[in-house]
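Participant:
Numbering (the UniProt record's numbering), first residue to last: 1 to 471.
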């Protein structure tokens with residue numbers, strides 16, 4: 001009511017009363033962390049809407065403090081996702097508050113690092129390398145491993161007395177684990193343990209070129225500078241077999257032995273424990289309502305696919321495989337903006353599982369173009385002796401090559417006075433699908449009896465959606 005009166009009458013006293021109410025709710029000792037968090041997020045949004053920058057930053061700091069008290073580590077991944085979904089866009093708004101309040105880029109970046117990917121951080125903490133901690137503080141390291149191993153076990157899935165007791169114990173263990181991390185950070189030389197990067201670390205990361213971190217909020221937008229070819233029920237991918245063949249040849253020059261396992265989930269999960277590179281060429285499905293259910297289609301179609309949740313349950317950090325290349329549509333796509341800050345998709349799942357690098361796509365990709373991108377990228381990776389830099393350089397080189405080829409074709413057609421490319425019109429209609437690798441079906445799954453098989457994109461931006469996550 002106080003906010004509404006302020007909006008109607010413009011009396012600052014009404015807004016100050018509203019802030020007092022928000023602060024009271026935020027500090028209410030009998031309120032749950034979720035209720036306190038909701039009060040803080042509401043205060044943040046109102047302060048940003050009405051340009052009260054310092055109060056907005058106060059609320060932003062409170063929100064992050066409360067997020068750390070949610071004991072997320074005691075929950076399973078699905079419950080974490082639901083809880084964090086309630087806080088959609090808070091991280092981006094917190095960064096906006098820091099910048100409006102002139103707190104500087106480092107403060108804004110720290111908020112962003114802590115507020116995005118909270119689910120991912122809770123998983124990553126279970127798999128972090130603690131060698132430095134073991135060398136300097138062996139007792140702390142031993143306690144960390146004990147609590148971590150307890151939390152790594154499956155969460156209780158029953159509501160009987162035993163299940164409730166196990167849930168209570170898991171909650172207590174999660175609180176102990178968070179307290180231990182706080183105690184470790186209070187020690188010399190490990191103060192940044194599982195924390196956001198320091199200013200020196202950020203500057204070091206930018207030594208080979210500037211870092212650009214995009215933050216989009218409804219209040220402001222800033223750039224901070226520092227091969228399954230045949231799937232049950234889906235269209236055949238005629239170029240997936242060609243892609244597999246091209247890569248089989250390249251493996252020899254990279255001193256890699258290609259293995260083509262049975263395309264069934266449990267067998268595939270076993271092979272992931274042993275591989276250096278995992279290349280998937282096939283169909284992918286992005287789940288709108290639950291990103292944890294986004295998946296890669298295998299031989300049995302929708303019956304038993306490889307889901308994000310399956311990948312999050314895999315721990316490959318000991319073997320640390322070099323690359324997961326997901327040559328399918330939208331492997332980095334999030335359809336529900338509720339989870340945009342959590343970045344829950346197939347690319348991030350592979351990264352959290354332990355892959356050092358992951359290549360994927362943000363939206364639909366053409367079947368034929370996938371072959372070209374993969375061939376150029378792997379050629380560069382091989383020439384670069386599988387260095388970290390060779391992955392991003394290879395994808396960059398492939399994207400530029402396809403961009404130049406596409407624009408070159410367009411210039412030729414315009415010069416010839418024609419409106420369409422030889423394989424499809426610029427407005428998306430198909431005149432003829434060539435077999436030279438430029439045309440082809442999208443790797444986005446569609447039912448085989450669909451009536452819109454000719455509804456293809458123009459292809460002028462086929463080079464755009466490829467992305468690299470990693471070192």
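We put the beta carbon where it would ideally sit given N, CA and C, even for glycine. Every value quoted in this text rests on a predicted model; they were computed, and no experiment measured them.
Does DSSP put residue 366 in a helix, a strand or coil?
Facilitator: strand
Participant: Run through DSSP, which three-state label would residue 355 get?
Facilitator: Three-state result, residue 355: coil.
Participant: Which of the three DSSP states, helix, strand or coil, is assigned to residue 308?
Facilitator: helix
Participant: On a Cα-Cα basis, can you pick out the residue from 245, 384, 39 and 411 that is closest to residue 61?
Facilitator: 39
Participant: Mind checking which residues open and close the beta strand (DSSP E) that includes residue 277?
Facilitator: 277 to 281
Participant: Report the residue from 43, 33, 109 and 95 whose alpha carbon sits nearest the alpha carbon of residue 21.
Facilitator: 43
Participant: Pull up the distance between the alpha-carbon of residue 385 and that of residue 193, whole angstroms please.
Facilitator: 32 Å
Participant: In this structure, what does DSSP give as the bridge partners for residue 469?
Facilitator: 358
Participant: Grab me the residues of residue 450's own chain with a C-beta within less than 6 Å of its C-beta, minus the 5 sequence neighbours each way, in chain order.
Facilitator: Any reading at residue 450 is ruled out, since the residue's pLDDT is 42, under 50, leaving its predicted position unreliable.
Participant: The alpha helix (DSSP H) spanning residue 324 covers which residue range?
Facilitator: Taken as a continuous stretch (DSSP letters only), residue 324 belongs to no alpha helix (DSSP H), being part of the beta strand (DSSP E) at 323 to 327.
Participant: Could you name the residues that DSSP lists as bridge partners for residue 296?
Facilitator: 284 and 306
Participant: Could you say if the region 318 to 337 and the region 268 to 278 meet the contact criterion of at least three C-beta pairs nearer than 8 Å?
Facilitator: Here the region 318 to 337 lies against the region 268 to 278, with 3 or more beta-carbon pairs under 8 Å apart.
Participant: Which two residues bound the contiguous alpha helix (DSSP H) that contains residue 95?
Facilitator: The continuous alpha helix (DSSP H) containing residue 95 extends over residues 90 to 100.
Participant: Report the option in 360, 204 and 369 whose CA atom is closest to the CA atom of residue 402.
Facilitator: 369
Participant: Looking at the strands, I want to know which residues DSSP matches up with residue 128.
Facilitator: DSSP, once it has assigned bridges, lists no residue as partnering residue 128.
Participant: Tell me whether residue 216 sits in a helix, a strand or coil according to DSSP, three-state version.
Facilitator: strand
Participant: Rounded to whole angstroms, what's the CA-CA distance from residue 14 to residue 350? Just pull it up for me.
Facilitator: C-alpha separation (whole angstroms): 50 Å.
Participant: Decide if residue 46 is buried, meaning its Cβ has at least 16 other Cβ atoms within 10 Å, or exposed.
Facilitator: buried
Participant: Return the CA-CA distance between residue 283 and residue 246, expressed in angstroms with no decimal places.
Facilitator: 19 Å
Participant: If we ignore side chains and look at the alpha-carbon of each, how far apart do residue 216 and residue 49 end up?
Facilitator: Taking the straight line joining both Cα atoms gives about 15 Å.
Participant: In terms of residues, what are the limits of the alpha helix (DSSP H) holding residue 64?
Facilitator: 53 to 67
Participant: Near residue 334, what residues of its chain come up, given a Cβ to Cβ distance below 8 Å and the 5 sequence neighbours on each side ignored?
Facilitator: 286, 291, 340, 343, 344 and 345
Participant: Classify residue 92: buried if its beta carbon has 16 or more other beta carbons within 10 angstroms, exposed otherwise.
Facilitator: buried
Participant: Reducing DSSP to helix, strand and coil, say where residue 110 ends up.
Facilitator: helix
Participant: What is the DSSP secondary structure of residue 374, counted as helix, strand or coil?
Facilitator: helix
Participant: Please name the residue, chosen from 416, 469, 78 and 132, that lies closest to residue 357 on a Cα-to-Cα basis.
Facilitator: 469
Participant: Would you report the Cα separation of residue 331 and residue 289, rounded to the nearest angstrom?
Facilitator: 16 Å
Participant: Within its chain, find whatever has a CB closer than 6 Å to the CB of residue 293; leave out the 5 residues flanking it on each side and keep chain order.
Facilitator: 287 and 307
Participant: Compute the distance between the beta-carbons of residue 280 and residue 256, then report whether it is under 9 Å.
Facilitator: no
Participant: Using a Cβ distance threshold of 8 Å, determine whether the region 181 to 195 contacts the region 2 to 17, with at least three qualifying pairs required.
Facilitator: Taking a cut-off of 8 Å for Cβ pairs, the region 181 to 195 and the region 2 to 17 do not touch, as fewer than three such pairs fall below it.
Participant: Can you tell me which of 463, 94, 367 and 372 puts its alpha carbon nearest to the alpha carbon of residue 407?
Facilitator: 463
Participant: Do the region 101 to 113 and the region 194 to 211 meet, that is, are 3 or more Cβ pairs less than 8 Å apart?
Facilitator: Taking a contact to require three or more Cβ pairs closer than 8 Å, the region 101 to 113 and the region 194 to 211 qualify as touching.
Participant: When the Cα of residue 52 is compared with those of 411, 12 and 105, which residue comes out closest?
Facilitator: Between residue 52 and the set 411, 12 and 105, the nearest pair of CA atoms involves 12.
Participant: Rounded to the nearest angstrom, how far is the Cβ of residue 56 from that of residue 25, given a contact under 8 Å?
Facilitator: Not a contact, Cβ separation roughly 16 Å.
Participant: For the candidate residues 319, 352, 298 and 299, whose alpha-carbon lies nearest to that of residue 312?
Facilitator: 352
Participant: Have a look at residue 476 and residue 98 and give me their C-alpha separation to the nearest angstrom.
Facilitator: Nothing in the structure corresponds to residue 476, since the chain is present only between 1 and 471.
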